[in-house]
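Student:
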Amino acid sequence: MTQPAGATSSLAAGGRRPRRLVVGITGATGSIYAVRLLQVLRDVPDVETHLVVSPSGVLNIKHELDIGRQEVHALADKVYGIRDVGAALASGGFATDGMIILPCSMRTLAAVAQGLSDNLITRAADVMLKERRRLLLMVRETPFNLAHLRNMTAVTEMGGIIFPPLPAFYHRPRSIDEMVDHTVARVLGLFDIHVPGPEWLGTQET
Ligand SMILES: Cc1cc2nc3c(=O)[nH]c(=O)nc-3n(C[C@H](O)[C@H](O)[C@H](O)COP(=O)(O)O)c2cc1C
97 MTQPAGATSS LAAGGRRPRR LVVGITGATG SIYAVRLLQV LRDVPDVETH LVVSPSGVLN
157 IKHELDIGRQ EVHALADKVY GIRDVGAALA SGGFATDGMI ILPCSMRTLA AVAQGLSDNL
217 ITRAADVMLK ERRRLLLMVR ETPFNLAHLR NMTAVTEMGG IIFPPLPAFY HRPRSIDEMV
277 DHTVARVLGL FDIHVPGPEW LGTQET
């Protein structure tokens, strides 16, 4: 049965601590989305990023962007090791306001869909689902096989959001950066984090 996505925490709404956003980076292509999201969030007050990167995520960031692990870590407020299942993020007792896995590989999707909790990214995602917090998976693969589709359905049924990075063209992007920024803004909007960017005002306004 489909359940509603988790609401943001009332503690954060009360303004007593920054909003805590967990970010997981895995080994699908599209690491530019993760790096851009972390860069954008540095300019957003009251958002604290908690980052975990899988080994394949590190590999892809290096391959696609020629950026090293330390440079990516420097963009986050707190960084955790992928095997550190004793970290705060591994428990529902650590209050957070949601999690974004981007890009999300089919391996990590499968682990989340089946509740495997086999590393800190999938365990943190498991916590989001069990605590009814918001979880977004920027899944990236093409074409999809039936296992991928079933796993996406399972995550959706548990309340997670499946958000493949499909570019829009209605805002007439002039570069890859503009396409990426538009997608990142849409993702953050789902966490009630609003960043500057083109807003859709209808066909009459373009
Ligand atoms: C250059 C490169 C691109 C990849 N792109 C994808 C992809 O788009 N989607 C995917 O599911 N896996 C992709 N993979 C494979 C994953 O990295 C691999 O399945 C890995 O085990 C995922 O582990 P993780 O989920 O723990 O990061 C890619 C691997 C490489 C080296």
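The sequence shown: position 74 = 170 (the working numbering), numbered continuously. All C-beta atoms in this analysis are idealised placements derived from N, C-alpha and C, irrespective of residue type, glycine included. Note that the structure is predicted; figures quoted are calculated from it, not measured.
1) State yes or no: is the C-beta of Glu303 nearer than 6 Å to some heavy atom of ligand 1?
2) Would you tell me roughly how many angstroms separate the C-alpha atoms of Val149 and Leu171, rounded to the nearest one?
3) Distance, Cα to Cα, Arg230 vs Met195?
4) For Thr145, which residues does DSSP report across the bridge?
5) Assuming Thr249 and Pro199 are in contact, meaning their beta carbons sit under 8 Å apart, how far apart are those beta carbons, in whole angstroms?
6) From the DSSP output, in three-state form, read off Leu232 for me.
7) For Pro292 and Gly285, what's the separation of their Cα atoms in angstroms?
8) Using 8 Å for Cβ pairs, my map puts Thr279 next to Pro294. What's the rounded Cβ distance?
9) What is the DSSP secondary structure of Tyr176, counted as helix, strand or coil?
10) Which residues does DSSP pair with Met195 in a beta bridge?
11) With DSSP as the reference, please indicate the residues paired to Ile257 in a beta bridge.
12) Would you kindly report the start and end of the unbroken alpha helix (DSSP H) that includes Val276?
13) Check this for me: beta carbons of Val119 and Thr145, under 7 Å apart or not?
14) Just checking Ser271 against ligand 1 - is the residue's beta carbon closer than 6 Å to any of the ligand's heavy atoms?
15) Rounded to whole angstroms, what's the CA-CA distance from Arg268 to Thr299? Just pull it up for me.
16) Assuming Ala207 is part of the alpha helix (DSSP H), what are its boundary residues?
17) Using 6 Å as the cut-off, classify the Cβ of Arg203 as near or not near the heavy atoms of ligand 1, replying yes or no.
Tutor: Here's the rundown:
1) Residue 303 lies beyond the stretch modelled for the chain, which goes from 97 to 302, so this question has no answer here.
2) 12 Å
3) 6 Å
4) Leu117
5) Not a contact, Cβ separation roughly 19 Å.
6) strand
7) For the pair Pro292 and Gly285, the Cα-to-Cα distance works out to about 11 Å.
8) Rounded, the Cβ-Cβ distance is 12 Å, inconsistent with contact.
9) strand
10) Val118, Leu231
11) Leu232
12) First-last of the alpha helix (DSSP H) with Val276: 272-285.
13) yes
14) no
15) Cα to Cα, Arg268 sits roughly 12 Å from Thr299.
16) Where Ala207 is concerned, the enclosing alpha helix (DSSP H) stretches over 202-209.
17) Checking every heavy atom of ligand 1 against the Cβ of Arg203, one is found closer than 6 Å.
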